[in-house]
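UniProt numbering applies: residue 1 is where the sequence shown begins, and numbers increase by one.
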Amino acid sequence: MTDPAPARLVVLISGSGSNLQALLDATRDPAYGAEVVAVGADRDGIAGLDLAAAAGVPTFVDSVKAYATRDDWDAALTEHVAAYRPDLVISAGFLKLVGKQFLDAFGDRYINTHNALLPSFPGIHGPRDALDYGVKIAGATLFFVDAGVDTGPIIAQVSVPVLDDDTEQTLTERIKVAERAQLVEYVGRLVRDGWTIENRKVRIP
Ligand SMILES: Nc1nc2c(c(=O)[nH]1)N[C@@H](CN(C=O)c1ccc(C(=O)N[C@@H](CCC(=O)O)C(=O)O)cc1)CN2
Ligand SMILES: NCC(=O)N[C@@H]1O[C@H](COP(=O)([O-])[O-])[C@@H](O)[C@H]1O
Numbered sequence: 001m002t003d004p005a006p007a008r009l010v011v012l013i014s015g016s017g018s019n020l021q022a023l024l025d026a027t028r029d030p031a032y033g034a035e036v037v038a039v040g041a042d043r044d045g046i047a048g049l050d051l052a053a054a055a056g057v058p059t060f061v062d063s064v065k066a067y068a069t070r071d072d073w074d075a076a077l078t079e080h081v082a083a084y085r086p087d088l089v090i091s092a093g094f095l096k097l098v099g100k101q102f103l104d105a106f107g108d109r110y111i112n113t114h115n116a117l118l119p120s121f122p123g124i125h126g127p128r129d130a131l132d133y134g135v136k137i138a139g140a141t142l143f144f145v146d147a148g149v150d151t152g153p154i155i156a157q158v159s160v161p162v163l164d165d166d167t168e169q170t171l172t173e174r175i176k177v178a179e180r181a182q183l184v185e186y187v188g189r190l191v192r193d194g195w196t197i198e199n200r201k202v203r204i205p
């Protein structure tokens with residue numbers, strides 16, 4: 001029997017793209033079961049778009065500023081992602097909240113990696129907020145995106161220690177190492193094994 005076609009991943013980014021690169025590296029192994037078919041961004045000139053281009057992956061940019069309304073942006077992003085027929089859409093440092101049209105299209109298969117242990121420290125400054133609060137353990141959360149801000153059902157979490165002499169930068173980098181490994185492991189498991197969500201509990205058989 002022939003192997004099933006690799007799952008189609010669309011990755012959304014806003015920055016350096018180290019999580020994207022980890023996925024690009026993992027997908028080089030056919031046994032991983034997935035390929036990155038497109039990378040989308042909300043801004044030009046970011047290193048992550050160069051990483052995608054270097055890997056030969058098509059890219060697109062949908063800047064909120066380029067559209068008359070936020071709903072128009074949401075519709076355009078939805079259309080551009082849909083054109084690549086994704087099995088899974090992955091936000092990896094994508095710094096925009098998506099709206100109803102996007103979630104109606106992809107809410108059952110849209111995941112995000114966040115650099116804090118949710119439900120603590122949602123938003124775009126997870127490591128800074130964790131450090132300011134004085135927690136001793138930080139980490140990353142992989143979750144299915146819903147209409148809230150970082151409130152969707154949790155797939156996996158990984159923790160790292162907070163050290164006494166940490167700065168925002170050192171903590172961010174320590175979290176990123178663990179976050180990338182988690183993302184690669186769980187994207188692979190999701191596409192190969194599927195999942196169920198019941199009462200917020202995500203289960204991968
Ligand atoms: N509807 C949702 N969309 C997205 C979620 C989510 O939980 N629900 N997660 C993100 C990523 N995210 C954190 O992981 C996140 C992204 C953006 C924001 C935010 O407040 N963004 C502002 C602009 C910030 C800026 O550009 O500097 C905005 O969208 O106007 C909070 C959390 C993926 N999308
Ligand atoms: N809440 C959104 C957010 O802060 N996301 C974070 O941005 C980083 C992107 O890094 P990368 O561009 O190197 O993959 C990641 O650590 C991700 O958790």
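Think of the CB as a built atom: it goes at the ideal place given N, C-alpha and C, for glycine as much as any other residue.
Outcome for residue i when other beta-carbon atoms lying within 10 angstroms are tallied against a minimum of 16
i           : result
Y133        : exposed
R28         : exposed
E79         : exposed
A66         : exposed
residue 285 : The structure shown has nothing for residue 285, since the chain only spans 1 to 205.
DSSP-derived helix/strand/coil call for residue i
i    : result
K136 : coil
S63  : coil
N19  : helix
P161 : strand
V57  : coil
I111 : strand
Nearest-angstrom beta carbon gap, residue j and residue i [assumed within contact, 8 Å]
i   : j   : result
V61 : V37 : About 16 Å; that fails the 8 Å criterion.
Through-space distance from residue j to residue i, alpha-carbon basis
i    : j    : result
V162 : Q169 : 12 Å
Q182 : A34  : 16 Å
V57  : A26  : 14 Å
D77  : K136 : It should be pointed out that residue 77 corresponds to Leu in this sequence rather than to Asp. For L77 and K136, the distance between alpha carbons rounds to 38 Å.
Y186 : I111 : 11 Å
V160 : I175 : 6 Å
I46  : S16  : 6 Å
contact_flag[the segment 114-124, the segment 138-146] where n(CB pairs < 8 Å) is 3 or more: yes
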